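**Q**
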Amino acid sequence: MYQLCRKINLLLLAVVLMPTALQAAVLEDFYRVDAGAGAEQTRDQALTEAFELMLVRQVGSAAAESQALAAARQDPKAYMRRIAGTESGGVSVEFESTALRDLLASTGLPMLGPNRPTVMLWAVESRVLGTDHLSQGSEWITVLNDAARRRAVALSLPLADLEDRSLVAVDTVLQANGDILKQASKRYDASAVLALTIEGEADAPVLSWHWWLNDQADSGQIAAQSAAAAADELMLTVADRVFEQYAVAPSDTAEGSDWEVVVDGINSVDEFAGLQRTLQQLGSKNAPQVLSVQGDQVRLALDFPGTEAQLERLLALDQRMRRMSAPKAELADVVQPDITETAEESGDADLHATAEEPETESLPELLPPQNRMYFRWR
Numbered sequence: 396m397y398q399l400c401r402k403i404n405l406l407l408l409a410v411v412l413m414p415t416a417l418q419a420a421v422l423e424d425f426y427r428v429d430a431g432a433g434a435e436q437t438r439d440q441a442l443t444e445a446f447e448l449m450l451v452r453q454v455g456s457a458a459a460e461s462q463a464l465a466a467a468r469q470d471p472k473a474y475m476r477r478i479a480g481t482e483s484g485g486v487s488v489e490f491e492s493t494a495l496r497d498l499l500a501s502t503g504l505p506m507l508g509p510n511r512p513t514v515m516l517w518a519v520e521s522r523v524l525g526t527d528h529l530s531q532g533s534e535w536i537t538v539l540n541d542a543a544r545r546r547a548v549a550l551s552l553p554l555a556d557l558e559d560r561s562l563v564a565v566d567t568v569l570q571a572n573g574d575i576l577k578q579a580s581k582r583y584d585a586s587a588v589l590a591l592t593i594e595g596e597a598d599a600p601v602l603s604w605h606w607w608l609n610d611q612a613d614s615g616q617i618a619a620q621s622a623a624a625a626a627d628e629l630m631l632t633v634a635d636r637v638f639e640q641y642a643v644a645p646s647d648t649a650e651g652s653d654w655e656v657v658v659d660g661i662n663s664v665d666e667f668a669g670l671q672r673t674l675q676q677l678g679s680k681n682a683p684q685v686l687s688v689q690g691d692q693v694r695l696a697l698d699f700p701g702t703e704a705q706l707e708r709l710l711a712l713d714q715r716m717r718r719m720s721a722p723k724a725e726l727a728d729v730v731q732p733d734i735t736e737t738a739e740e741s742g743d744a745d746l747h748a749t750a751e752e753p754e755t756e757s758l759p760e761l762l763p764p765q766n767r768m769y770f771r772w773r
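Numbers given in the working numbering equal positions in the sequence shown, counted from 1, plus 395.
(1) Consult DSSP for Val664 and reduce its assignment to one of helix, strand or coil.
(2) Using the beta-carbon count (16 or more within 10 Å), is Thr481 buried or exposed?
(3) In the DSSP assignment, find the unbroken beta strand (DSSP E) run with Arg477 in it and report its ends.
(4) Where Val588 and Val664 are concerned, what is the direct C-alpha to C-alpha distance, given to the nearest angstrom?
(5) Under 8 Å between the Cβ atoms of Leu552 and Leu516?
(6) Rounded to the nearest angstrom, what separates Leu710 and Glu435 at their Cα positions?
(7) When you compare only the Cα positions, how much space is there between Gln418 and Thr493?
(8) Assuming contact is defined by CB atoms lying nearer than 8 Å, are Ser580 and Leu712 in contact in what I supplied?
(9) Any idea which residues DSSP pairs Ser603 with across the strands?
(10) Identify the residues that DSSP records as bridge partners of Ala430: which are they?
(11) Using CA coordinates, which residue listed in Leu554, Ala473, Gly660 and Gln640 is at the minimum distance from Glu707?
(12) Kindly list the residues whose CB is nearer than 6 Å to the CB of Ala479, restricted to its own chain and excluding five residues on each side of it in sequence; keep chain order.
(13) For Pro732, which residues in the same chain have their Cβ closer than 8 Å to its Cβ, ignoring the five residues on either side in sequence?
(14) Would Ala622 and Pro600 qualify as a contact pair, given that the criterion is a beta-carbon distance under 8 Å?
(15) Taking all protein chains shown into account, do 16 or more other C-beta atoms lie within 10 angstroms of the C-beta of Trp772, making it buried, or fewer, making it exposed?
(16) Can you have a look at Leu602 and say buried or exposed, based on whether 16 or more other CB atoms are within 10 angstroms of its CB?
(17) Taking the straight line between their C-alpha atoms, what separation do you get for Asp527 and Asp627?
(18) For a quick check, are the C-beta atoms of Pro722 and Val637 less than 8 Å apart?
(19) Can the beta-carbon of Asn681 be found less than 8 Å from the beta-carbon of Asp659?
(20) According to the Cβ coordinates, are Leu422 and Ala542 closer than 8 Å?
(21) Comparing C-alpha positions only, which one of Leu674, Val538, Asn572 and Ser461 sits nearest to Ile593?
(22) Using 7 Å as the cut-off, classify the Cβ of Ala634 as near or not near the heavy atoms of the ligand COA, replying yes or no.
(23) Taking C-alpha atoms, which residue in Gln469, Ala518, Ala467 and Thr502 lies nearest to Leu629?
(24) Helix or strand or just coil, what does DSSP make of Thr437?
(25) Leaving out the 5 sequence neighbours to the left and right, which residues in its chain are closer than 6 Å to Ala618 when beta-carbon positions are compared?
(26) How many Å lie between Arg452 and Asp424 at the Cα?
(27) Considering only the beta carbon of each residue, do Leu359 and Tyr474 sit closer than 8 Å?
(28) Between Ala441 and Gly503, is the Cβ-Cβ spacing less than 8 Å?
(29) Using a threshold of 8 Å, state whether the C-beta atoms of Ala430 and Leu448 are closer than that.
(30) Opposite Met449 in the DSSP bridges: which residues?
(31) First and last residue of the beta strand (DSSP E) that includes Met515?
(32) Using a 10 Å radius around the Cβ and a threshold of 16 neighbouring Cβ atoms, would you call Asp743 buried or exposed?
(33) Measure the CB-CB distance between Val656 and Gly701 and report whether it falls below 8 Å.
(34) Indicate whether Ile661 and Val693 have their beta-carbon atoms separated by less than 8 Å.
(35) On a CA-only basis, which of Glu596, Leu695 and Ser687 is nearest Asp653? Give me that one, please.
(36) Which stretch, first to last residue, makes up the alpha helix (DSSP H) that contains Ala682?
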């Protein structure tokens with residue numbers, strides 16, 4: 396027991412001391428918002444804008460219409476940890492994650508934390524000499540990345556090397572060939588695919604988009620008066636599509652909120668740290684608790700208010716975690732009728748013989764413990 400506790404303490408200490416190396420699906424600076432760059436806005440208006448942006452990041456577009464957040468809007472500073480100015484004249488606000496989670500949990504609104512599916516963007520742009528892939532030097536790259544950060548979208552762009560160009564032609568994007576685009580995106584372990592065609596002038600762009608995530612497909616068109624406005628509307632649309640599939644409503648009872656996650660294949664401090672960060676980003680109110688460390692297996696207790704399917708989908712965002720079936724050695728203990736004792740009490744020799752060699756088909760199926768999930772780290 397002493398050695399086990401010592402090993403856990405050393406692992407936890409290493410997690411604290413080591414530099415953070417987040418996976419692509421965990422958004423860095425999720426709780427930091429830059430707003431109010433316009434000269435016409437007052438500081439209080441800029442803080443209100445930052446608060447609204449933060450709310451939409453966590454509860455989707457429904458935040459704008461939620462009356463449950465009306466009281467919080469009266470004092471947004473109560474949820475802010477740090478406020479600083481920016482070079483553009485706006486404000487940079489770092490929000491208090493715990494205070495926000497408590498606020499949103501009290502409203503009952505579904506919410507989503509920094510864990511987001513990676514969105515692979517395949518984009519083409521109409522130019523004077525024809526339509527071509529969006530180049531790394533294009534101003535649209537900067538505009539789209541800025542909008543993605545603003546709307547908490549884990550946007551990723553392909554390398555656009557020979558392999559990408561051999562798989563994805565311009566016509567593939569124009570025709571929104573989902574099969575080819577999804578196949579090409581597997582190289583990047585992306586969960587979602589976004590095909591984008593950019594047309595029109597800089598002051599009147601038109602974006603035609605197609606979207607695939609899990610079993611969902613969608614498409615649409617956006618016309619705006621600036622590239623920034625068009626990109627922001629597109630990324631808000633993408634964020635809402637992600638929210639529809641991954642957001643979890645807080646539980647108003649303790650039932651079903653306690654989970655045990657068993658992970659095999661944790662062979663280093665780095666891997667343990669990665670597992671800890673993945674579980675911590677699920678938006679749970681309490682931090683995951685280490686129950687045991689045995690060899691390469693780690694058991695953790697997790698407070699998660701959603702369903703098993705929701706938890707599995709969120710954990711699948713980390714490509715290193717693969718769901719496993721419960722091992723036979725850890726099947727739940729099921730109380731079986733004591734057939735031997737019954738036979739002895741009845742004095743029936745034939746029944747006693749049957750109890751010594753029971754038929755497998757007559758026994759109820761053993762099930763794994765409720766709310767326990769098994770994974771392998773890869």
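We put the CB at the ideal spot given by N, CA and C, even for glycine.
Fair warning: this is a prediction, and the values are worked out from it, not measured in the lab.
**A** Reading it off the structure:
(1) helix
(2) exposed
(3) Met475 to Gly480
(4) 33 Å
(5) yes
(6) 43 Å
(7) Low confidence applies here, because Gln418 scores a pLDDT of 35, under 50, leaving its location unreliable; read the following figure in that light. Their Cα atoms are separated by approximately 22 Å.
(8) no
(9) Thr592 and Gln616
(10) Val486
(11) Gln640
(12) Ser487
(13) Note on Pro732: pLDDT 44, under 50, position unreliable in the model; no value is reported.
(14) yes
(15) buried
(16) buried
(17) 22 Å
(18) no
(19) no
(20) no
(21) Val538
(22) Ligands in the displayed structure: none, and consequently the ligand COA is not present.
(23) Ala518
(24) coil
(25) Val601
(26) 12 Å
(27) Nothing in the structure corresponds to residue 359, since the chain is present only between 396 and 773.
(28) no
(29) yes
(30) Looking at the DSSP assignment, Met449 forms no beta bridge with any residue, so it has no partner.
(31) Val514 to Arg522
(32) Per-residue confidence for Asp743 stands at a pLDDT of 46, beneath the threshold of 50, marking its modelled position as unreliable; no derived number is given.
(33) no
(34) yes
(35) Leu695
(36) Neither: Ala682 is in no alpha helix (DSSP H) and is coded neither H nor E.
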